[in-house]
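J.: Below is a structure I'd like to ask you about.
There are 2 protein chains.
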Amino acid sequence: MLILLTNDDGLTATGIQTLRQTIEPLGEVVLVAPDRERSASGHGITMHKPLRVEKQYFGESLGYAVSGTPADCVKLALEQLLDRPPHLVISGINKGANLGTDVLYSGTVSGALEAIINGIPSMAVSLDLRGNELFSTAADFILKLIPIAVKQSLPSRTFLNINVPDVESTEIKGIQVAKLGARRYVNSVVERKDPRGKSYYWLSGVLEDKAQPDTDVWAVAHNYIAITPVQYDLTDYSQLTKLKTLEERNLWS
Amino acid sequence: MLILLTNDDGLTATGIQTLRQTIEPLGEVVLVAPDRERSASGHGITMHKPLRVEKQYFGESLGYAVSGTPADCVKLALEQLLDRPPHLVISGINKGANLGTDVLYSGTVSGALEAIINGIPSMAVSLDLRGNELFSTAADFILKLIPIAVKQSLPSRTFLNINVPDVESTEIKGIQVAKLGARRYVNSVVERKDPRGKSYYWLSGVLEDKAQPDTDVWAVAHNYIAITPVQYDLTDYSQLTKLKTLEERNLWS
Numbered sequence: 003m004l005i006l007l008t009n010d011d012g013l014t015a016t017g018i019q020t021l022r023q024t025i026e027p028l029g030e031v032v033l034v035a036p037d038r039e040r041s042a043s044g045h046g047i048t049m050h051k052p053l054r055v056e057k058q059y060f061g062e063s064l065g066y067a068v069s070g071t072p073a074d075c076v077k078l079a080l081e082q083l084l085d086r087p088p089h090l091v092i093s094g095i096n097k098g099a100n101l102g103t104d105v106l107y108s109g110t111v112s113g114a115l116e117a118i119i120n121g122i123p124s125m126a127v128s129l130d131l132r133g134n135e136l137f138s139t140a141a142d143f144i145l146k147l148i149p150i151a152v153k154q155s156l157p158s159r160t161f162l163n164i165n166v167p168d169v170e171s172t173e174i175k176g177i178q179v180a181k182l183g184a185r186r187y188v189n190s191v192v193e194r195k196d197p198r199g200k201s202y203y204w205l206s207g208v209l210e211d212k213a214q215p216d217t218d219v220w221a222v223a224h225n226y227i228a229i230t231p232v233q234y235d236l237t238d239y240s241q242l243t244k245l246k247t248l249e250e251r252n253l254w255s
Numbered sequence: 003m004l005i006l007l008t009n010d011d012g013l014t015a016t017g018i019q020t021l022r023q024t025i026e027p028l029g030e031v032v033l034v035a036p037d038r039e040r041s042a043s044g045h046g047i048t049m050h051k052p053l054r055v056e057k058q059y060f061g062e063s064l065g066y067a068v069s070g071t072p073a074d075c076v077k078l079a080l081e082q083l084l085d086r087p088p089h090l091v092i093s094g095i096n097k098g099a100n101l102g103t104d105v106l107y108s109g110t111v112s113g114a115l116e117a118i119i120n121g122i123p124s125m126a127v128s129l130d131l132r133g134n135e136l137f138s139t140a141a142d143f144i145l146k147l148i149p150i151a152v153k154q155s156l157p158s159r160t161f162l163n164i165n166v167p168d169v170e171s172t173e174i175k176g177i178q179v180a181k182l183g184a185r186r187y188v189n190s191v192v193e194r195k196d197p198r199g200k201s202y203y204w205l206s207g208v209l210e211d212k213a214q215p216d217t218d219v220w221a222v223a224h225n226y227i228a229i230t231p232v233q234y235d236l237t238d239y240s241q242l243t244k245l246k247t248l249e250e251r252n253l254w255s
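The listed protein sequences derive, respectively, from chains W and G.
Each residue of the first sequence is one higher than the one before, counting from 3 in the working numbering.
Each residue of the second sequence is one higher than the one before, counting from 3 in the working numbering.
What follows is the structure in structure tokens.
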């Protein structure tokens with residue numbers, strides 16, 4: 003079995019390295035990940051500048067540090083760096099949760115998305131940090147999940163978004179297969195003045211606390227591992243027919 | 003009527019300014035947009051550094067240049083800069099199409115998304131460039147669409163993703179309400195050597211040409227204006243029940 007790992011925290015981050023070490027017994031592991039933390043630097047494909055790649059070994063596994071985004075890493079791995087298609091792509095373990103609406107902006111998720119766009123099954127794995135940084139809880143879980151996920155093969159356009167509470171394995175209450183919740187940040191702009199009296203603004207992350215049951219947000223908050231099947235067609239099919247009436251109006255000339 | 007405009011090409015870009023000028027007769031227009039082109043610089047919310055804002059007038063309209071992303075601009079506008087909630091947020095007119103899978107990585111789209119996450123109806127508007135830069139074709143269309151869209155109010159979690167061909171209005175064949183198509187880039191890695199003989203890579207954008215009818219990709223390629231209702235819940239509900247069996251397995255300890 004060939005497993006490709008990527009992330010958006012960078013190739014040497016604890017999350018991806020803990021995962022690599024834990025799952026190495028399952029087969030060949032190759033890491034293709036950004037050369038530094040990319041959380042804040044775009045999640046699309048880099049078209050406007052060339053990408054550099056540096057090879058580096060970690061334990062038994064080959065790693066490539068790429069000067070690009072997680073999506074770049076997966077694209078480059080599939081089309082250039084790997085000698086055959088991987089059986090599975092795993093993006094993570096991310097340092098921080100990727101729940102609900104967050105997934106739209108998540109670099110970790112974009113790595114998993116790029117895989118399924120190219121027809122390779124994938125997972126995005128994130129640790130909901132609580133000061134313990136117990137990446138091993140998530141890695142141990144993924145080690146057991148991989149054989150099941152590969153056997154019970156997922157549909158081609160869906161990946162698993164997995165969030166694990168940052169607690170000891172013994173404190174995990176179970177698994178919840180849950181939909182994406184809403185994560186709305188409220189009253190989130192803070193105005194400050196600089197020494198010259200000019201305003202600047204911080205967007206703070208005050209989460210509105212209304213996590214509903216059956217959501218990933220609720221599950222993780224209650225010490226469950228949340229698993230959400232995620233697809234990438236954002237079309238709102240329920241509105242498609244209703245809007246068809248627009249086609250009858252001549253609004254373009 | 004209060005309309006908020008944003009984009010990811012920057013406050014002074016031709017697309018947003020053409021739109022501003024065209025729709026000013028409809029009511030009060032406020033522009034809150036990035037202070038420079040942000041297409042390649044991340045689409046999330048900026049949490050790790052403060053945002054600067056500069057005021058500037060354009061015609062009858064007030065504009066704010068923000069040192070952040072389109073999502074930052076919308077958040078800051080709704081919570082800080084506007085004195086009341088806008089009736090509509092429009093992101094664009096983007097210089098370049100945002101079709102199919104592109105919408106997942108689009109800054110233009112993230113501006114519209116941030117609006118509906120906060121309960122404000124929105125549209126993302128993009129021009130499918132063909133060397134003419136006829137932003138007026140798109141702007142004239144939006145001018146006519148706004149009153150209809152506001153009257154026929156959209157559901158609260160859906161926005162309209164609109165792509166307009168870069169041709170004269172007289173060449174537009176009509177409107178197609180279409181689902182998001184697949185835009186897969188193939189054979190897209192090009193390897194080069196630098197003067198020292200070291201490899202680097204370009205991700206080129208060779209589009210796989212299999213646009214299916216009923217998709218936005220097909221519609222725009224055939225000179226229709228494509229309108230797609232887009233929502234932001236990526237949960238794959240069809241898989242949610244199937245995966246429930248995972249909950250019965252003890253994989254976490």
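From the three backbone atoms N, C-alpha and C, an ideal C-beta is built for every residue, glycine too.
The structure displayed is predicted, hence computed values, not measured ones.
What does a CB cutoff of less than 8 Å around E39(G) pick up in its chain, not counting 5 residues either side in sequence?
T.: Looking up residue 39(G) in the second sequence gives position 37. These residues qualify, in order along the chain: D10, D11, G12 and A15.
J.: Between Q241(G) and chain W, is the shortest Cβ-Cβ distance under 9 Å, so that the two count as touching?
T.: Looking up residue 241(G) in the second sequence gives position 239. Yes, its Cβ sits closer than 9 Å to a Cβ of chain W.
J.: Roughly how many whole angstroms lie between the Cα atoms of I18(W) and P36(W)?
T.: Sequence index remark: in the first sequence, residue 18(W) carries index 16 (1-based). Sequence index remark: in the first sequence, residue 36(W) carries index 34 (1-based). Spanning the two alpha carbons is a distance of roughly 11 Å.
J.: Going along the chain, which residues of its own chain have a beta-carbon closer than 8 Å to the beta-carbon of N100(G), five neighbours each way excluded?
T.: In the second sequence, counting from the first residue as 1, residue 100(G) sits at position 98. The answer, listed in chain order, is S108, T110, V111, A126, S128, N163 and N165.
J.: Check whether the Cβ of W254(G) lies closer than 9 Å to any Cβ atom in chain W.
T.: For the purposes of this step, residue 254(G) is taken as the residue at position 252 of the second sequence. Chain W, which has a Cβ nearer than 9 Å to the Cβ of W254(G), makes this yes.
J.: Taking L245(W) as the reference, which of L248(G), H224(G), Y234(G) and A228(G) has the closest Cα?
T.: Stepping through the first sequence from its first residue, residue 245(W) is reached at position 243. Of the listed residues, the one whose Cα sits closest to L245(W) is A228(G).
J.: Going residue by residue through the region 25–86 of chain W, where are the continuous beta strand (DSSP E) segments of at least 3 residues, counting only ones entirely within it?
T.: Listed in chain order, they are 30–36, 55–60 and 63–68.
J.: Name the residue from S190(W), G199(W), A223(W) and S158(W) whose alpha carbon lies nearest to the alpha carbon of L90(W).
T.: For this step, residue 90(W) is matched to residue 88 along the first sequence. Comparing Cα-Cα distances from L90(W) to each of S190(W), G199(W), A223(W) and S158(W), the minimum goes to S158(W).
J.: Taking a Cβ distance cut-off of 7 Å, strictly less, list which residues of the region 92–109 of chain G are near chain W, in chain order.
T.: Going along the region 92–109 of chain G in chain order, one finds T103, V105, L106 and Y107 with a Cβ nearer than 7 Å to chain W.
J.: Tell me which same chain residues have a C-beta within less than 7 Å of the C-beta of Q214(G), skipping the five on either side of it?
T.: The residue labelled residue 214(G) in the question sits at position 212 within the second sequence. Cβ within range, chain order: G183 and W220.
J.: How would you list, in chain order, the residues of chain W whose beta-carbon sits under 7 Å from the beta-carbon of I25(G)?
T.: Counted from its first residue, the second sequence places residue 25(G) at position 23. Simply none; closest approach about 14 Å.
J.: Buried or exposed for N96(G), please, with buried defined as at least 16 other CB atoms from any protein chain shown within 10 angstroms of its CB.
T.: The residue you call residue 96(G) lines up with position 94 of the second sequence. Classification for N96(G): buried.
J.: With DSSP run on the structure shown, which of helix, strand or coil describes Y107(W)?
T.: Locating residue 107(W) in the first sequence gives position 105, where the first residue counts as 1. Note: Y107(W) maps to helix in three-state DSSP.
J.: In chain order, what residues of the same chain have a beta carbon less than 8 Å from the beta carbon of D168(W), not counting five sequence neighbours either side?
T.: Walking along the first sequence from the start, residue 168(W) turns up at place 166. So the list reads L129, D130, L131, R132, G133, N134, E135, L136 and T139, once near-sequence residues are dropped.
J.: Specify the secondary structure class of A117(G) as computed by DSSP and reduced to three states.
T.: Locating residue 117(G) in the second sequence gives position 115, where the first residue counts as 1. The answer is helix: DSSP assigns A117(G) an H, G or I state.
J.: Are at least three pairs of beta-carbons, each pair with one atom in the region 171–181 of chain G and one in the region 61–70 of chain G, less than 8 Å apart?
T.: Cβ pair count under 8 Å is below three, so no.
J.: Just the C-alpha distance for I144(W) and V55(W), rounded to the nearest angstrom, thanks.
T.: On the first sequence, residue 144(W) is found 142 positions in, with the first residue counted as 1. On the first sequence, residue 55(W) is found 53 positions in, with the first residue counted as 1. Each residue's alpha carbon lies about 27 Å from the other.
J.: Find out if the Cβ-Cβ distance for the pair V232(G), T237(W) is shorter than 9 Å.
T.: Indexing the second sequence from 1 puts residue 232(G) at position 230. Indexing the first sequence from 1 puts residue 237(W) at position 235. Yes, these two residues count as a Cβ contact at 9 Å.
J.: Would DSSP call W254(G) helix, strand or coil?
T.: As a position in the second sequence, residue 254(G) is number 252, starting the count at 1. Three-state result, W254(G): coil.
J.: Taking V152(W) and A117(W) to be in contact with their CB atoms under 8 Å, please state how far apart those CB atoms are, rounded to whole angstroms.
T.: One-based indexing of the first sequence puts residue 152(W) at position 150. One-based indexing of the first sequence puts residue 117(W) at position 115. Contact flag wrong, Cβ pair sits at about 14 Å.
J.: Note down, in chain order, every chain W residue with its Cβ under 7 Å from the Cβ of Y234(G).
T.: Working through the second sequence from its first residue, we reach residue 234(G) at position 232. Going along chain W in sequence order, the residues near Y234(G) (Cβ under 7 Å) are T103, L106 and L236.
J.: Less than 8 Å between the CB atoms is what I'm expecting for L106(W) and L115(G), so what's the real figure, rounded?
T.: Counted from its first residue, the first sequence places residue 106(W) at position 104. Counted from its first residue, the second sequence places residue 115(G) at position 113. Rounded, the Cβ-Cβ distance is 6 Å, consistent with contact.
J.: Pick out whichever of L147(G), E30(G) and S206(G) has its Cα sitting closest to the Cα of P87(G).
T.: Here residue 87(G) corresponds to residue number 85 of the second sequence, with the count starting at 1. Among L147(G), E30(G) and S206(G), the Cα nearest to that of P87(G) is on E30(G).
J.: By a C-beta neighbour count over all protein chains shown, 10 Å radius and 16 as the cutoff for buried, is G46(W) buried or exposed?
T.: Along the first sequence, read from residue 1 onward, the residue named residue 46(W) stands at position 44. Per the 10 Å Cβ criterion, buried.
J.: Counting only runs that start and end within the region 116–159 of chain W, where is the alpha helix (DSSP H) found for 4 or more residues in a row?
T.: You should have 137–153.
J.: Give me the chain G residues within the contact set of T230(W), using Cβ-Cβ distance strictly less than 7 Å, ordered along the chain.
T.: Indexing the first sequence from 1 puts residue 230(W) at position 228. Here the neighbours are T237.
J.: Grab me the residues of E26(W)'s own chain with a C-beta within less than 7 Å of its C-beta, minus the 5 sequence neighbours each way, in chain order.
T.: Residue numbering aside, residue 26(W) sits at position 24 when the first sequence is read from its first letter. So the qualifying residues of the chain are G61, E62 and S63.
J.: Quick one: grab the DSSP three-state call for V219(W).
T.: Position 217 of the first sequence, counting from 1, holds the residue named residue 219(W). DSSP places V219(W) in helix when its eight states are reduced to three.
J.: Mind pulling the chain G residues with CB within less than 8 Å of E249(W)?
T.: As a first step, residue 249(W) is located in the first sequence; it is residue number 247 there, counting from the start. Per Cβ cutoff of 8 Å: G176, I177, Q178 and V179.
J.: Could you tell me if the beta carbon of F137(G) falls within a distance shorter than 8 Å of some heavy atom in the ligand ATP?
T.: Ligands are entirely absent from the displayed structure, and the ligand ATP is therefore not among its contents.
J.: What residues are listed by DSSP as bridge partners for G176(W)?
T.: The sequence position of residue 176(W) within the first sequence is 174, counting from 1. Answer is Y226(W), bridged to G176(W).
J.: Could you tell me the boundaries of the alpha helix (DSSP H) in which Y239(G) lies?
T.: Position 237 of the second sequence holds residue 239(G). Unbroken alpha helix (DSSP H) run through Y239(G): Y239 to L245.
J.: With a cut-off of 8 Å on the beta carbons, I'd call G102(G) and D218(G) a contact; round off their distance for me.
T.: Taking the second sequence and counting its residues from 1, the one referred to as residue 102(G) is at position 100. Taking the second sequence and counting its residues from 1, the one referred to as residue 218(G) is at position 216. Their Cβ separation, rounded to whole angstroms, is 6 Å, which keeps G102(G) and D218(G) in contact under 8 Å.
J.: Which residues in the same chain as Y234(G) place their Cβ atom closer than 8 Å to its Cβ, once the five residues preceding and following it in sequence are excluded?
T.: Position 232 of the second sequence, counted from the first residue, corresponds to residue 234(G). Excluding positions up to five away in sequence, the list reads L115, I118, I119 and R159.
J.: Helix, strand or coil: which one does DSSP assign to T8(G)?
T.: Position 6 of the second sequence, counted from the first residue, corresponds to residue 8(G). T8(G): strand per DSSP, three-state reduction.
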